[in-house]
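Per our numbering, the sequence shown starts with residue 357, numbered consecutively.
Encoded as structure tokens, the structure appears first; notes follow it.
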Amino acid sequence: MTTSSTPSTPSTPSSDPTTAAGVPRAGGPGRLAGRTVSRVGYGAMQLERLHGDRASALAILRRAVELGMDHVDTAQFYGNGFVNGLLREALRPEDGVLVVSKVGATANPGGRFPLRLAQRPEELRAEVEANLDALGLEQLPVVNLRRAETGPGLRAEGEQIVDIDDQLAVLTALRDEGKIGGLGISNVGPEELRRALPVGLVCVQNSYSLVSRGDEDMLRTCLAEGIAWVPYFPLGSAFPGMPKVTDEPAVLAAAQALGATPSQVGLAWLLHHAPHTLLIPGTADAAHLEANVAAGTLALDDATLATLDAVPSRSAELTFE
């Protein structure tokens, strides 16, 4: 991986359809932190599942690059550093991959949940340093602040309830020190987004999908501000009580008509719905990885889009107690 202390500047325009390696960008070109990246990127969290098969995990990452993914999402708390170690080994400077990490939690091996919140300013700084060390970088190209006052997931309690301004202060200081390139935020509501806009956000990561569109106003704010919208749970969620895109009759019908899978239809809808959307679906399976890339080429005509747009949003929050 590159160890430059300053962000690399792309020499090609935002419409460049190919990666640094000359491969067509998965899903076409998008913009993130002043860089051109593939609109279909790779979420590395599921590589934790290959903890006992490092060779297969590395092969997945190399295959992602070969398929034109040059936007990878990670965190030090994924596999307690295992995933970042894979990225350091697998990715090469010539791949031109933009690595996005996040802070606000830390690994919790042996605990009830695999992570615990780490929201205090000193913890955020420590997590930035841990990501830098594990990835072998002098600067993290993009860092997302994972908030914990909205769901789904762990909620902040006690000393972990920290004002967003205090968190942004330490992260902007780290940016001034050259340890962070661009700042993003995750798990936020409209008020938190408004308060964070002055720092110059490059992306927002929130739970969002065809069946969970409660953040539509924030999506539109990001579009107006030139901020990338990066939904997690892009197909809804497998957790009980949360709706799934792949259960929707309209999605199933569209998939059958297009000769695609319901998952591909759900991902394609996101790309068609808003031009600043970047996807980071995760998988530990090579065939699934290729299917995700293929979703970026799936054309949805106006009639299909209208039918999908009519699917009701049934946002449901999941809180871990």
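Ideal Cβ placement from N, Cα and C applies to all residues, glycine included.
Length of the line joining the Cα atoms of residue i and residue j
i      : j      : result
Gln612 : Asn464 : 42 Å
Pro546 : Ala411 : 42 Å
Ile517 : Met425 : 36 Å
Ile524 : Pro605 : For clarity, residue 524 is Leu in the given sequence; the question names Ile instead. Approximately 42 Å, taken between the alpha carbons.
Gly467 : Tyr434 : 14 Å
Ser681 : Leu626 : In the structure as shown, the chain starts at 357 and stops at 677, and residue 681 therefore has no counterpart that could be examined.
Leu654 : Leu591 : 16 Å
Arg670 : Lys600 : 10 Å
Glu548 : Pro554 : 11 Å
Thr639 : Ala420 : 10 Å
Gly538 : Ala389 : 6 Å
Val607 : Gly383 : 20 Å
Ile520 : Arg551 : 8 Å
His644 : Ala666 : 28 Å
Ser361 : Leu443 : Bear in mind that the predicted position of Ser361 carries a pLDDT of just 31, short of 50, making it unreliable; the figure below should be weighed with that in mind. Approximately 18 Å between the Cα atoms of the pair.
Leu406 : Val439 : 10 Å
Met598 : Asn543 : 16 Å
His628 : Leu656 : 8 Å
Phe595 : Asp451 : 35 Å
Gly441 : Leu579 : 34 Å
Leu664 : Ser593 : 18 Å
Asp573 : Ile536 : 28 Å
Gly326 : Gly556 : As shown, the chain starts at 357 and ends at 677. That puts residue 326 outside it, with no answer to give.
Leu575 : Leu403 : 28 Å
Thr528 : Leu566 : 33 Å
Pro668 : Pro373 : 34 Å
Glu513 : Arg472 : 11 Å
Glu581 : Ala662 : 26 Å
Buried or exposed (CB count within 10 angstroms, at least 16 for buried), residue i
i      : result
His427 : buried
Phe469 : exposed
Leu631 : This sequence places Pro at residue 631; Leu is not what is there. Exposed is the call here.
His371 : The question names His, but residue 371 in the sequence shown is Ser. Exposed.
Arg531 : buried
Arg387 : buried
Ala504 : buried
Ala413 : buried
Asp571 : buried
Arg381 : buried
Glu483 : buried
Ala474 : buried
Thr375 : buried
Gly682 : Within the shown structure, residues of the chain are numbered from 357 to 677, placing residue 682 beyond reach of any answer.
Ala391 : A quick correction: the sequence has Arg, not Ala, at residue 391. With 16 or more Cβ atoms within 10 Å of its Cβ, Arg391 is classed as buried.
Pro508 : buried
Asp409 : exposed
Ala431 : buried
Asp429 : buried
Gly540 : buried
Neighbour flag for residue i against chain B, beta carbons, 8 Å
i      : result
Asp658 : Among the chains in the structure shown there is no chain B, since it carries only a single protein chain.
Cut-off 6 Å between Cβ atoms - residues of its own chain near residue i, not counting five sequence neighbours on either side
i      : result
Asp658 : none
Ala610 : Val621, Thr660
Thr577 : none
Gly437 : Ala490
Nonlocal neighbours in the same chain, by C-beta distance under 7 Å from residue i, ignoring five residues either side
i      : result
Ala446 : Leu414, Leu417, Arg418
Pro637 : Gly399, Pro590, Leu623, Asn648
Val526 : Pro477, Leu480, Arg481
Thr602 : Leu591, Pro618, Ser619, Gly622
Leu491 : Met357, Asn440, Leu443, Arg444, Val455
Cutoff 8 Å; reference residue i; Cβ partners in own chain excluding five residues on either side
i      : result
Asp522 : Pro477
Val393 : Arg381, Pro385, Gly386, Arg387, Asp426, His427, Leu454, Leu634
Leu423 : Val379, Ala382, Leu645, Glu646, Val649
Three CB pairs or more closer than 8 Å across the segment 451-461 and the segment 492-505: Cβ pair count under 8 Å is three or more, so yes.
The segment 486-497 in contact with the segment 616-625 per 3-pair CB rule at 8 Å: Taking one beta carbon from each stretch, the segment 486-497 and the segment 616-625 have fewer than 3 pairs nearer than 8 Å; the two do not touch.
Segment contact flag, the segment 646-656 with the segment 395-407, C-beta cutoff 8 Å, min 3 pairs: Segments in contact, yes.
Completely contained alpha helix (DSSP H) runs for the segment 565-630, where each covers 4 or more residues: Those alpha helix (DSSP H) runs which fall completely within the segment 565-630 and span 4+ residues are 572-581, 605-614, 618-629.
The segment 581-595 contacting the segment 553-565, beta-carbon criterion three pairs below 8 Å: Taking a cut-off of 8 Å for Cβ pairs, the segment 581-595 and the segment 553-565 touch, as three or more such pairs fall below it.
Minimum length 4: unbroken alpha helix (DSSP H) runs contained in the segment 535-560: Listed in chain order, the complete alpha helix (DSSP H) runs (minimum 4 residues) inside the segment 535-560 are 546-552.
In chain order, each beta strand (DSSP E) run of at least 3 residues that lies wholly inside the segment 436-477: The segment 436-477 contains, as complete beta strand (DSSP E) runs of 3+ residues, the segments 454-459, 461-463, 471-473 (chain order).
Segments of 3+ residues assigned as beta strand (DSSP E) that fall wholly inside the segment 373-440: Those beta strand (DSSP E) runs which fall completely within the segment 373-440 and span 3+ residues are 385-388, 391-394, 427-429.
Whole runs of the alpha helix (DSSP H) within the segment 473-524, excluding any shorter than 4 residues: With a minimum length of 4 residues, the continuous alpha helix (DSSP H) runs that stay inside the segment 473-524 are 477-491.
Contiguous alpha helix (DSSP H) assignments of at least 4 residues, all confined to the segment 629-653: Fully enclosed alpha helix (DSSP H) runs of 4 or longer: 642-651.
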